[in-house]
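A.B. asks: So the sequence lines, in the order shown, correspond to chains A and B. For the record, in the first sequence the residue sitting at position 157 is 477 according to our numbering, with numbers rising by one throughout. For the record, in the second sequence the residue sitting at position 3 is 323 according to our numbering, with numbers rising by one throughout.
Protein chains: 2
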Amino acid sequence: MRIALDAMGGDFAPEAVVKGAVMAAQELKNGEVILLLGKEDVLHTLLQENGYTGSNISVMHASQVIEMGEHPTKALTQKPDSSIALGYGLLKAQKADAFCSAGNTGAMLVGAMFSVKAIEGILRPSIASFVPKLSGGLGVILDVGANADCKPEVLEQFGELGSIYAKYVLDIQNPKVGLMNLGEEEGKGTVNTQAAHQRLKLNKDINFIGNIEGRDIFNDKADVIVCDGYTGNIIVKMAESLYDILHQKGIHDPFFDKFNYETEGGSPILGINGNAVIGHGVSSPRAICNMVLLAQKMAVSKISERFRKNYSA
Amino acid sequence: MRIALDAMGGDFAPEAVVKGAVMAAQELKNGEVILLLGKEDVLHTLLQENGYTGSNISVMHASQVIEMGEHPTKALTQKPDSSIALGYGLLKAQKADAFCSAGNTGAMLVGAMFSVKAIEGILRPSIASFVPKLSGGLGVILDVGANADCKPEVLEQFGELGSIYAKYVLDIQNPKVGLMNLGEEEGKGTVNTQAAHQRLKLNKDINFIGNIEGRDIFNDKADVIVCDGYTGNIIVKMAESLYDILHQKGIHDPFFDKFNYETEGGSPILGINGNAVIGHGVSSPRAICNMVLLAQKMAVSKISERFRKNYSA
Numbered sequence: 321m322r323i324a325l326d327a328m329g330g331d332f333a334p335e336a337v338v339k340g341a342v343m344a345a346q347e348l349k350n351g352e353v354i355l356l357l358g359k360e361d362v363l364h365t366l367l368q369e370n371g372y373t374g375s376n377i378s379v380m381h382a383s384q385v386i387e388m389g390e391h392p393t394k395a396l397t398q399k400p401d402s403s404i405a406l407g408y409g410l411l412k413a414q415k416a417d418a419f420c421s422a423g424n425t426g427a428m429l430v431g432a433m434f435s436v437k438a439i440e441g442i443l444r445p446s447i448a449s450f451v452p453k454l455s456g457g458l459g460v461i462l463d464v465g466a467n468a469d470c471k472p473e474v475l476e477q478f479g480e481l482g483s484i485y486a487k488y489v490l491d492i493q494n495p496k497v498g499l500m501n502l503g504e505e506e507g508k509g510t511v512n513t514q515a516a517h518q519r520l521k522l523n524k525d526i527n528f529i530g531n532i533e534g535r536d537i538f539n540d541k542a543d544v545i546v547c548d549g550y551t552g553n554i555i556v557k558m559a560e561s562l563y564d565i566l567h568q569k570g571i572h573d574p575f576f577d578k579f580n581y582e583t584e585g586g587s588p589i590l591g592i593n594g595n596a597v598i599g600h601g602v603s604s605p606r607a608i609c610n611m612v613l614l615a616q617k618m619a620v621s622k623i624s625e626r627f628r629k630n631y632s633a
Numbered sequence: 321m322r323i324a325l326d327a328m329g330g331d332f333a334p335e336a337v338v339k340g341a342v343m344a345a346q347e348l349k350n351g352e353v354i355l356l357l358g359k360e361d362v363l364h365t366l367l368q369e370n371g372y373t374g375s376n377i378s379v380m381h382a383s384q385v386i387e388m389g390e391h392p393t394k395a396l397t398q399k400p401d402s403s404i405a406l407g408y409g410l411l412k413a414q415k416a417d418a419f420c421s422a423g424n425t426g427a428m429l430v431g432a433m434f435s436v437k438a439i440e441g442i443l444r445p446s447i448a449s450f451v452p453k454l455s456g457g458l459g460v461i462l463d464v465g466a467n468a469d470c471k472p473e474v475l476e477q478f479g480e481l482g483s484i485y486a487k488y489v490l491d492i493q494n495p496k497v498g499l500m501n502l503g504e505e506e507g508k509g510t511v512n513t514q515a516a517h518q519r520l521k522l523n524k525d526i527n528f529i530g531n532i533e534g535r536d537i538f539n540d541k542a543d544v545i546v547c548d549g550y551t552g553n554i555i556v557k558m559a560e561s562l563y564d565i566l567h568q569k570g571i572h573d574p575f576f577d578k579f580n581y582e583t584e585g586g587s588p589i590l591g592i593n594g595n596a597v598i599g600h601g602v603s604s605p606r607a608i609c610n611m612v613l614l615a616q617k618m619a620v621s622k623i624s625e626r627f628r629k630n631y632s633a
């Protein structure tokens with residue numbers, strides 16, 4: 321199994337990425353390898369500086385770097401030898417089982433659509449994220465930013481994608497799907513969420529439990545939280561900011577510490593032909609390490625294949 | 321000045337409401353009176369049981385009660401002598417300077433539209449709420465539930481309403497208005513927020529600072545947070561749930577303690593001909609007390625009149 325990692329992506333790349341790769345390498349099993357993508361000489365020097373002497377990190381040369389502020393489509397066209405283009409190339413050629421990057425989010429999304437592409441039958445691929453549950457474990461929330469506006473049928477499909485993810489990656493049997501809304505009653509919400517509610521209710525492939533509210537994000541009502549990318553993005557960033565505030569105040573607690581973006585390390589792109597994870601721009605070595613381990617978990621559970629099988633059936 | 325208080329509204333009414341009224345009565349200035357609306361005999365007994373001997377609480381009889389689960393429009397039609405109908409009647413006849421209730425939220429909203437009505441020029445009255453700022457003080461967020469879907473021109477007007485509220489009730493000079501969004505760049509967001517951004521930017525009556533993100537809710541970027549009621553409702557309920565979790569864990573902090581719904585006691589309805597506040601269904605005596613004091617602050621600052629003057633000009 322090979323996990324491609326964009327060594328040039330993120331505000332603290334390549335130093336933080338190489339450090340994170342070295343940390344992750346210690347956690348990988350036999351036969352699991354990290355492909356570090358970026359400027360070969362720089363990466364070899366950094367691996368050496370970090371005292372890495374193992375055999376489960378390989379460097380692959382990419383001469384170009386897509387910067388954080390670049391226009392995604394332009395950058396991908398103008399930089400065919402960038403680490404992001406290389407990563408998706410490997411994924412498409414099945415020379416990597418997963419690809420992750422803390423670089424330009426837009427380029428990671430556009431790159432996915434241009435190379436491995438959306439799985440047939442998927443209306444809109446989605447970026448998912450995780451919410452810690454008070455009772456332990458994690459819930460999955462989607463979308464968190466790939467699709468600001470979502471039609472009812474797209475929200476319905478997010479319920480399916482999230483269920484499959486929760487089942488095979490988070491090991492939750494018969495995951496409960498909740499629709500993020502402003503009230504529990506089915507008539508509540510926007511025109512879109514009202515219509516999505518009816519679709520989710522009729523969908524026999526998922527365990528839809530109805531609407532959930534802002535106060536239910538961290539309780540056990542739902543394992544899968546369905547919302548448009550505008551709403552999910554606000555929820556996830558608000559949670560992150562609360563972690564930062566607690567941290568600044570010196571308040572530590574096992575539950576709230578999970579709000580730290582570093583804990584999961586990244587957000588999976590669901591619904592494309594390949595396993596891809598987008599990391600936070602500010603990724604620290606620990607975040608990078610966890611992003612690699614998340615990508616590995618997705619590859620082990622063959623989540624992208626499971627989506628493909630589900631929609632080709 | 322007379323503040324009408326629905327004694328029959330809320331899960332713990334009338335006991336908690338009377339207790340809260342007695343607490344608030346101690347904080348009021350000379351000439352400020354609470355009109356306690358509900359079943360006369362019950363309220364007199366409760367006032368006695370609470371040892372109230374002052375002269376700034378008057379009881380006004382209302383023979384009917386709108387229950388929490390009732391259909392708002394039906395209930396208001398069928399119960400013309402309910403405490404909510406009486407409260408709005410007093411507000412309309414200018415026999416009360418403010419009216420507040422922790423009862424049926426829908427009935428409070430519908431009641432406002434049927435009796436005092438929206439101010440001419442107001443597209444959609446809004447329910448506002450408050451977010452504590454890390455640097456101290458409060459920000460105002462609107463809408464938090466009256467309007468799930470909001471057109472761009474409605475969001476623009478929320479920016480105006482919020483600015484006037486922040487200026488005259490929260491004493492913030494030249495309040496900064498931020499549009500809740502998933503990214504800072506002006507091209508980001510839903511079709512609606514993109515259009516609202518352009519309108520807010522051109523509006524010369526407000527100090528629009530651009531988009532804000534989920535991580536900016538508690539910092540000083542914006543004093544007024546503009547969003548649709550679906551989004552605002554989720555944000556406010558998520559913040560409340562975090563207070564509950566911290567409280568359960570025994571974690572106390574002056575900043576996070578302000579996430580407690582009791583601190584402000586209620587959510588003002590902005591844009592109607594009168595000062596009205598809706599409290600939380602679970603309101604405790606302390607919450608009721610603070611709701612009355614919020615209604616008093618709104619009446620003192622003549623906020624409804626200021627809205628009226630602004631739109632009639």
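Beta carbons: idealized from backbone N, C-alpha and C, even for Gly.
If contacts are defined as beta-carbon pairs under 8 Å, then B/Ser449 and B/Gly552 qualify, I think. What distance do you get, rounded to the angstrom?
C.D. replies: About 7 Å separates the two Cβ atoms, so the contact holds.
A.B. asks: Check A/Ile589 in the structure and name its three-state DSSP category.
C.D. replies: Correct three-state label for A/Ile589: strand.
A.B. asks: Suppose contacts are defined by Cβ-Cβ distances below 8 Å. Is B/Leu406 in contact with B/Val379 by that definition?
C.D. replies: No, the Cβ-Cβ distance between B/Leu406 and B/Val379 is not below 8 Å.
A.B. asks: Taking 6 Å as the limit between beta carbons, can you name the residues of its chain near B/Val602, skipping five residues before and five after?
C.D. replies: Answer for B/Val602: Asp331, listed in chain order.
A.B. asks: Applying the criterion that 16 or more other CB atoms from any shown protein chain within 10 Å of the CB defines a buried residue, is A/Asp525 buried or exposed?
C.D. replies: A/Asp525 is exposed by the Cβ-count criterion.
A.B. asks: Going by alpha carbons, who is nearest to A/Ile461 out of A/Met433, A/Val497, A/Glu440 and A/Ser435?
C.D. replies: For A/Ile461, the nearest C-alpha among the options comes from A/Val497.
A.B. asks: Compare the C-alpha of B/His391 against each of B/Tyr563, B/Ala427 and B/Ala596 and name the closest.
C.D. replies: Checked all of B/Tyr563, B/Ala427 and B/Ala596; the closest Cα to B/His391 is B/Ala427.
A.B. asks: Which same chain residues, not among the five before or five after B/Ser446, have their C-beta less than 7 Å away from its C-beta?
C.D. replies: Cβ neighbours of B/Ser446 beyond the five flanking positions: Leu462, Asp463, Ala466, Asn467, Phe478, Leu481, Leu590 and Gly591.
A.B. asks: Helix, strand or coil, according to DSSP, for B/Ser375 in the structure here?
C.D. replies: Looking at B/Ser375 - three-state DSSP - the assignment turns out to be coil, as it is neither helix nor strand.
A.B. asks: Pull up the distance between the alpha-carbon of B/Glu505 and that of B/Asn531, whole angstroms please.
C.D. replies: C-alpha separation (whole angstroms): 7 Å.
A.B. asks: Can you give me the start and stop residues for the alpha helix (DSSP H) that B/Phe450 sits inside?
C.D. replies: Element bounds for B/Phe450: not the alpha helix (DSSP H) but the beta strand (DSSP E), Ser446 to Pro452.
A.B. asks: Smallest Cα separation from B/Ile404: which of B/Gly503, B/Glu625, B/Lys359 and B/Val546?
C.D. replies: Comparing Cα positions, the closest option is B/Lys359.
A.B. asks: Once DSSP output is grouped into helix, strand and coil, what is the label at B/His381?
C.D. replies: Reduced to three states, the DSSP call for B/His381 is strand.
A.B. asks: If you drop the 5 nearest sequence neighbours on each side, which residues of the same chain put their C-beta closer than 6 Å to that of A/Ile537?
C.D. replies: Excluding residues within five positions, the ones whose Cβ falls inside 6 Å are Val451.
A.B. asks: Tell me the residue span of the alpha helix (DSSP H) that contains B/Leu324.
C.D. replies: Residue identity check: residue 324 of chain B is Ala in the sequence provided, not Leu. That residue, B/Ala324, is in no alpha helix (DSSP H); its beta strand (DSSP E) goes Arg322 to Asp326.
A.B. asks: Across which residues does DSSP place A/Asn531 in a beta bridge pair?
C.D. replies: Paired residue(s): A/Leu499.
A.B. asks: If you count every other CB in all the chains shown that lies within 10 Å of the CB of B/Pro495, and 16 or more means buried, which is it?
C.D. replies: Under this definition B/Pro495 is a buried residue.
A.B. asks: In whole angstroms, what separates the C-alpha of A/Ala341 from that of A/Val489?
C.D. replies: Approximately 22 Å, taken between the alpha carbons.
A.B. asks: Tell me the residue span of the beta strand (DSSP E) that contains B/Cys420.
C.D. replies: Looking at the DSSP string, the run of the beta strand (DSSP E) that includes B/Cys420 is Ala418 to Ser421.
A.B. asks: Can you give the Cα-Cα distance for B/Glu347 and B/Ile377, rounded to whole angstroms?
C.D. replies: Their Cα atoms are separated by approximately 12 Å.
A.B. asks: Would you call B/Ser604 buried or exposed, if buried means 16 or more other Cβ atoms sit within 10 Å of its Cβ?
C.D. replies: Classification of B/Ser604: buried, given that the 10 Å Cβ count is 16 or more.
A.B. asks: Anything in chain B within Cβ reach of A/Tyr550, meaning under 8 Å, just list it in chain order.
C.D. replies: Those within 8 Å of A/Tyr550 in chain B are Asn501, Leu502, Gly509, Thr510, Thr513 and Thr551.
A.B. asks: With distances taken between CB atoms, is the gap from A/Ala324 to A/Phe434 smaller than 8 Å?
C.D. replies: No, the Cβ-Cβ distance between A/Ala324 and A/Phe434 is not below 8 Å.
A.B. asks: Who are the near neighbours of A/Val430 in its chain, counting only those whose CB is closer than 8 Å to its CB and skipping five residues on each side?
C.D. replies: Closer than 8 Å at the Cβ level, and outside the excluded window around A/Val430, lie Pro392, Thr393 and Leu396.
A.B. asks: Suppose you measure from the CA of B/Gly507 to the CA of B/Gln518; what does that come to, to the nearest Å?
C.D. replies: Spanning the two alpha carbons is a distance of roughly 10 Å.
A.B. asks: Suppose you measure from the CA of A/Gly549 to the CA of B/Ala345; what does that come to, to the nearest Å?
C.D. replies: About 46 Å.
A.B. asks: Interface residues of chain A around B/Gly557 at Cβ under 7 Å?
C.D. replies: It should be noted that the sequence gives Lys, not Gly, for residue 557 of chain B. In chain order: Glu533, Gly534 and Arg535.
A.B. asks: From the DSSP output, which residues share a beta bridge with B/Ser402?
C.D. replies: DSSP lists B/Gln384 as partners of B/Ser402.
A.B. asks: B/Pro400: buried (16+ other C-beta within 10 angstroms of its C-beta) or exposed?
C.D. replies: Burial call: exposed.
A.B. asks: Is it the case that the Cβ atoms of A/Lys557 and B/Gly509 are separated by a distance below 8 Å?
C.D. replies: Contact flag unset, no.
A.B. asks: May I have the straight-line CA-CA distance separating B/Ala596 from B/Lys437, to the nearest angstrom?
C.D. replies: Roughly 12 Å separates the two Cα atoms.
A.B. asks: If you count every other CB in all the chains shown that lies within 10 Å of the CB of B/Ala413, and 16 or more means buried, which is it?
C.D. replies: Looking at its Cβ environment, which holds fewer than 16 other Cβ atoms inside 10 Å, B/Ala413 is exposed.
A.B. asks: Spatial neighbours of A/Thr513 within its chain, please: C-beta separation below 7 Å, excluding the five flanking residues on both sides.
C.D. replies: Result list for A/Thr513: Leu499 and Asn501, in chain order.
A.B. asks: What residues in the segment 451–470 of chain B have a beta carbon less than 7 Å from any beta carbon of chain A?
C.D. replies: If the cut-off is 7 Å between Cβ atoms, the segment 451–470 of chain B has Leu454, Gly465, Ala468 and Asp469 near chain A.
A.B. asks: At least one CB of chain B closer than 8 Å to the CB of A/Leu590: is that the case?
C.D. replies: False, the Cβ-Cβ gap to chain B never drops below 8 Å.
A.B. asks: Name the DSSP bridge partner or partners of A/Ala596?
C.D. replies: A/Ala596 is bridged to A/Phe419 and A/Ile589.
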